[in-house]
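Asker:
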Amino acid sequence: MNDHTSEAAARPHAAPAGATDTPQTTEAILAADARHRSGLWSPDVVFVRGEGARLFDADGREYLDCMAGIAVASVGHANPRLARALAEQAQRLIVAPQNLGNDVRTRFTDELFELVKPPLNRVFYSNSGAEANEAALKWARVATGRRGFVAVRHGFSGRSMGVLPLTWEPKYREPFGPFEPDVRFVTLGDARELEAAVDDTTAAVLLEPIQGEGGIRPASDDYLRLARELTRERGALLVFDEIQTGVGRTGTFLASEPSGVSADIVTLAKGLGGGVPIGATLMTDAVAAAMPAGGHGTTFGGNPLSAAAGLAVLEEIQERDLLSAAKRLGERLMSGLRAAGGSAVREVRGRGLLVGVETAVPAGPVIQALRDAGVLTIAGGGDTIRYLPPLVISEAEVDEVVARSAAVFARFT
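Just so we're aligned, residue 713 is where the sequence shown starts under our numbering, counting upward by one.
1) Report the CB separation of Ala909 from Val875 in whole angstroms; it is logged as a contact under 8 Å.
2) Write down the C-beta distance between Ala1002 and Ala855 rounded to the nearest angstrom, noting that I regard them as a contact closer than 8 Å.
3) In chain order, what residues of the same chain lie with their CB nearer than 6 Å to the CB of Asp1024, ignoring the 5 residues before and after it?
4) With distances taken between CB atoms, is the gap from Trp851 to Ala1000 smaller than 9 Å?
5) Going by C-alpha to C-alpha distance, which of Glu1109, Thr957 and Gln803 sits closest to Arg1044?
6) What separation, rounded to the nearest whole angstrom, lies between the Cα atoms of Thr734 and Thr1125?
7) Put Thr734 into one of helix, strand or coil per three-state DSSP.
8) Contact check, Ile977 vs Val951 under 8 Å by CB: the rounded distance?
9) Buried or exposed, going by whether 16 or more other CB atoms sit within 10 Å of the CB of Asn791?
10) Kindly give me the distance between the Cβ atoms of Thr973 and Ala948, rounded to whole angstroms, as I take these residues to be in contact under 8 Å.
11) Output yes or no for whether 9 Å exceeds the beta carbon distance between Glu920 and Gly926.
12) Does the structure place the region 1079-1091 close enough to the region 1003-1016 that three or more beta carbon pairs sit under 8 Å?
13) Which full runs of the beta strand (DSSP E) of 3+ residues lie inside the region 828-874, going along the chain?
14) Start and end of the alpha helix (DSSP H) containing Ser766?
15) Pick helix, strand or coil for Met1046, following the three-state DSSP scheme.
16) Would you list, in sequence order, the uninterrupted beta strand (DSSP E) runs of no fewer than 3 residues that lie entirely inside the region 876-900?
17) In this structure, how does DSSP classify Ala916 when only helix, strand and coil are distinguished?
18) For Leu980, does the three-state DSSP call read helix, strand or coil?
19) Roughly how many whole angstroms lie between the Cα atoms of Val1120 and Leu1066?
20) Tell me the rounded alpha-carbon separation between Ala1037 and Thr962.
21) Who are Asp934's beta bridge partners in DSSP?
22) If Leu966 sits next to Val828, beta carbons under 8 Å apart, how far is it from one beta carbon to the other, in whole angstroms?
23) Alpha carbon to alpha carbon, how far is Pro882 from Leu1041? Give it in angstroms, no decimals.
24) Is it a yes or a no for the region 1091-1099 touching the region 769-777, going by three-plus beta-carbon pairs under 8 Å?
25) In angstroms with no decimal places, state the Cα-to-Cα distance between Pro755 and Ala903.
26) Near Ala785, which residues of its chain fall below 6 Å by C-beta distance, leaving aside the five closest residues on each side in sequence?
27) What ranges does the alpha helix (DSSP H) occupy inside the region 738-789, keeping only unbroken runs of at least 4 residues that lie completely in it?
28) In chain order, what residues of the same chain have a beta carbon less than 8 Å from the beta carbon of Arg1116, not counting five sequence neighbours either side?
29) Does the beta-carbon of Ser1117, which I'm using as the reference point, lie nearer than 8 Å to any heavy atom of the ligand HEM?
30) Is it the case that the Cβ atoms of Leu824 and Ala975 are separated by a distance below 9 Å?
31) Rounded to the nearest angstrom, what separates Thr979 and Ala847 at their Cα positions?
32) Let me know if Leu994 comes out buried or exposed under the rule of 16 or more other beta-carbons within 10 Å of its beta-carbon.
33) Kindly give me the distance between the Cβ atoms of Lys982 and Ala783, rounded to whole angstroms, as I take these residues to be in contact under 8 Å.
34) Please classify Ala729 as buried or exposed, where buried requires at least 16 other C-beta atoms within 10 Å of its C-beta.
35) So what's Glu1059 in DSSP terms, helix, strand or just coil?
36) What are the boundary residues of the beta strand (DSSP E) that includes Phe952?
Shown next, in the form of C-alpha cells:
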C-alpha cells in the first residue's frame, strides 16, 4: 500500500484527522456556489481534500475515487512529489511562453521522449485535450494541403468549436452547427467503411485506440494497422487521440503501443499533468516542419508550472513502475468486477485501469448507488460505467472498490 494512502485505507469510512475542520458545510458551499455558476451542472457534493485514491467531502465523508477527475489524477490526490514540484516552481518562475526557452520545460520534454519513441520527435504544448486535438487538425491540414477528416462514431475529440465537428455525440454537436461538411464518420472496426471514407480529400484519420466516452471500446490491432496502411497509401495523416488512454492508464505509456502502429500525430492531456492543465501534440519531424513560423500558438501552453507538474508525473510513473501496476491492478479490478456483477452486469471490458462495466439496467441509478456507497465512477456511453482510478491505487483499495461495487450490483440483480 502506498505510504500516503495507508492511513486512510486503514480507516475506510472515516476522514483523516482535521479533514472535517472545514469552515462551511456542503449545503452552505453549494448555496454560495449557486449564486454565480453557469447552470450547466447542479452538484450536490463538495470535495475539499484528497489523498492518493481517496477523496473527502465537506461533511467529512470518504470516497474511493474511480473517476480521478475523468482520468486526470494519474498519480493520485495530494501527491507529495507533484505538490513539492509545483510549490518549488511557483517560487522560481511561472510564466515563459514557448517562444522563449525554459529549463524545466526542456527537462520535461526530454523525459517525455524517453517514454514516447520515434518517429514521434516533436511536441507542441497547450492547456487541454481539446486544444491538443485542435493543434493536430491544423498541422494535418497544413502538412497535407487537404481539408477533410475521418472520425469514428461514438468518438469524443473535445467540445471546443475546432474539434466539435469530429465529436460524434449529437447532444454535444448539434446545438452549435452547422459545421463545414468536411468530416466523415465511420463505425469502429468496420474495414469497408474506413476504406471508403479515406480518399484524396482526407487530411487525417483521427481515432482513439480505446474509446473512452464511447464506452471503453478498443479498436483492434488489425483496425489500427488498416488505418495506418490506408492513410500512408492515400497521402493522409493518422492521428491517435490518447488524451484519456495515454500516460500509462492502460499499462503502457500509450495505448497504441501493443499494436505496433505508429501514428503521425499523438495527442495527450488529462493524466499528463496529474491535475494541472496541460495538453501535448506529439508529431513526426516531417509533420512539424510543415507549419510556418508563427502558424500556431498559445499563451499559456508549456508554461513552467505545468511543465514541472508533467515532469513530476513522469518521474512518479517511472520510479514507482506505475505502468506495471496499472496492468496488474487493472486485471485484478476487472476480474473482481466480473465476479461481483451478477445479472446486473452484461460485460466488463478494458485495459489496465481504463475499465468499463456495461450494465443490464440503466447505468445512471447504479452510478448514484455506487457514489452513495463511497465509490465515485462516471458514465461512459450507453449503459457503461467507467472505472478510472488513479494509477497509485493500492491492491487493498482495488479489493475495497470491488467489495463496495458487489454490494451495489446485488441490489440491481
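All C-beta atoms in this analysis are idealised placements derived from N, C-alpha and C, irrespective of residue type, glycine included. Note that this is a predicted model, so its numbers are computed, not measured.
Answerer: Answer, in terms of the structure:
1) Your numbering for residue 909 matches position 197 in the sequence shown. Your numbering for residue 875 matches position 163 in the sequence shown. Not a contact, Cβ separation roughly 18 Å.
2) Residue mapping note: residue 1002 aligns to position 290 of the sequence shown, counting from 1. Residue mapping note: residue 855 aligns to position 143 of the sequence shown, counting from 1. Rounded, the Cβ-Cβ distance is 4 Å, consistent with contact.
3) Counted from its first residue, the sequence shown places residue 1024 at position 312. Strictly speaking, residue 1024 in this sequence is Ala, with Asp absent from that position. So the qualifying residues of the chain are Arg793, Leu794 and Ala797.
4) Position 139 of the sequence shown, counting from 1, holds the residue named residue 851. Position 288 of the sequence shown, counting from 1, holds the residue named residue 1000. In this structure, Ala1000 lies closer than 9 Å to Trp851 by Cβ.
5) By 1-based counting over the sequence shown, the position of residue 1044 is 332. Ranking the options by Cα distance to Arg1044, first place goes to Glu1109.
6) Within the sequence shown, numbered from 1, the residue matching residue 734 stands at position 22. Within the sequence shown, numbered from 1, the residue matching residue 1125 stands at position 413. Note that Thr734 scores 45 on pLDDT, short of 50, meaning its location in the model is unreliable; the coordinates nonetheless yield the value given after this. Going by the C-alpha atoms only, they are around 39 Å apart.
7) Here residue 734 corresponds to residue number 22 of the sequence shown, with the count starting at 1. Note on Thr734: pLDDT 45, under 50, position unreliable in the model; no value is reported.
8) By one-based count along the sequence shown, residue 977 stands at place 265. By one-based count along the sequence shown, residue 951 stands at place 239. With a Cβ gap of about 4 Å, Ile977 and Val951 count as contacting.
9) Here the question's residue 791 lines up with position 79 in the sequence shown. Buried, because 16 or more other Cβ atoms sit within 10 Å of the Cβ of Asn791.
10) For the purposes of this step, residue 973 is taken as the residue at position 261 of the sequence shown. For the purposes of this step, residue 948 is taken as the residue at position 236 of the sequence shown. Reading off the sequence, residue 973 comes out as Val, not Thr. Not confirmed; about 15 Å, so no contact.
11) Counting from 1 along the sequence shown, the entry for residue 920 is found at position 208. Counting from 1 along the sequence shown, the entry for residue 926 is found at position 214. Yes. Within cutoff.
12) no
13) 832-838 and 860-864
14) Working through the sequence shown from its first residue, we reach residue 766 at position 54. A small correction: the amino acid at residue 766 is Arg; Ser does not occupy that position in the sequence shown. No alpha helix (DSSP H) holds Arg766; the beta strand (DSSP E) holding it covers Arg766 to Asp769.
15) Here residue 1046 corresponds to residue number 334 of the sequence shown, with the count starting at 1. Here Met1046 sits in helix by DSSP.
16) 895-898
17) For this step, residue 916 is matched to residue 204 along the sequence shown. Strand.
18) As a first step, residue 980 is located in the sequence shown; it is residue number 268 there, counting from the start. Of the three classes helix, strand and coil, the one that applies to Leu980 here is strand, per DSSP.
19) Here the question's residue 1120 lines up with position 408 in the sequence shown. Here the question's residue 1066 lines up with position 354 in the sequence shown. If I take the Cα positions, the gap works out to 20 Å.
20) Taking the first residue of the sequence shown as 1, we reach residue 1037 at position 325. Taking the first residue of the sequence shown as 1, we reach residue 962 at position 250. Those two C-alpha atoms are separated by around 10 Å.
21) On the sequence shown, position 222 is the one that residue 934 refers to. None; Asp934 has no bridge partner.
22) By 1-based counting over the sequence shown, the position of residue 966 is 254. By 1-based counting over the sequence shown, the position of residue 828 is 116. At roughly 7 Å, the Cβ-Cβ gap stays under 8 Å, so Leu966 and Val828 are in contact.
23) Locating residue 1041 in the sequence shown gives position 329, counting from the first residue. Locating residue 882 in the sequence shown gives position 170, counting from the first residue. Rounded to the nearest angstrom, the two C-alpha atoms are 35 Å apart.
24) no
25) Position 43 of the sequence shown, counted from the start, is the residue given in the question as residue 755. Position 191 of the sequence shown, counted from the start, is the residue given in the question as residue 903. When rounded, the distance between both Cα atoms is 42 Å.
26) Counting from one through the sequence shown, the residue named residue 785 turns up at place 73. If we look at Ala785 and ignore the five residues flanking it on each side, its Cβ neighbours are Gly987 and Pro1102.
27) 738-746 and 780-783
28) What you label residue 1116 is simply residue 404 of the sequence shown in a count that begins at 1. Cβ neighbours of Arg1116 beyond the five flanking positions: Leu776, Leu1082, Ala1085, Gly1086 and Val1087.
29) Among the components of this structure there are no ligands whatsoever, and the ligand HEM is therefore not found.
30) Counting from one through the sequence shown, the residue named residue 824 turns up at place 112. Counting from one through the sequence shown, the residue named residue 975 turns up at place 263. No; because the gap between Cβ atoms is not below 9 Å, this pair is not in contact.
31) Reading the sequence shown from its first residue, position 267 is the one you call residue 979. Reading the sequence shown from its first residue, position 135 is the one you call residue 847. Cα to Cα, the separation comes out at about 9 Å.
32) Residue numbering aside, residue 994 sits at position 282 when the sequence shown is read from its first letter. Its Cβ being crowded by 16 or more others within 10 Å, Leu994 is buried.
33) Against the sequence shown, residue 982 aligns to sequence position 270. Against the sequence shown, residue 783 aligns to sequence position 71. At roughly 5 Å, the Cβ-Cβ gap stays under 8 Å, so Lys982 and Ala783 are in contact.
34) Counting from 1 along the sequence shown, the entry for residue 729 is found at position 17. Note that Ala729 has pLDDT 45, beneath the 50 cutoff, so the model's placement of it is unreliable and the number below is only indicative. Exposed: under 16 other Cβ atoms inside 10 Å.
35) In the sequence shown, counting from the first residue as 1, residue 1059 sits at position 347. In this structure, Glu1059 counts as strand in the three-state DSSP scheme.
36) On the sequence shown, residue 952 is found 240 positions in, with the first residue counted as 1. Where Phe952 is concerned, the enclosing beta strand (DSSP E) stretches over Leu949 to Asp953.
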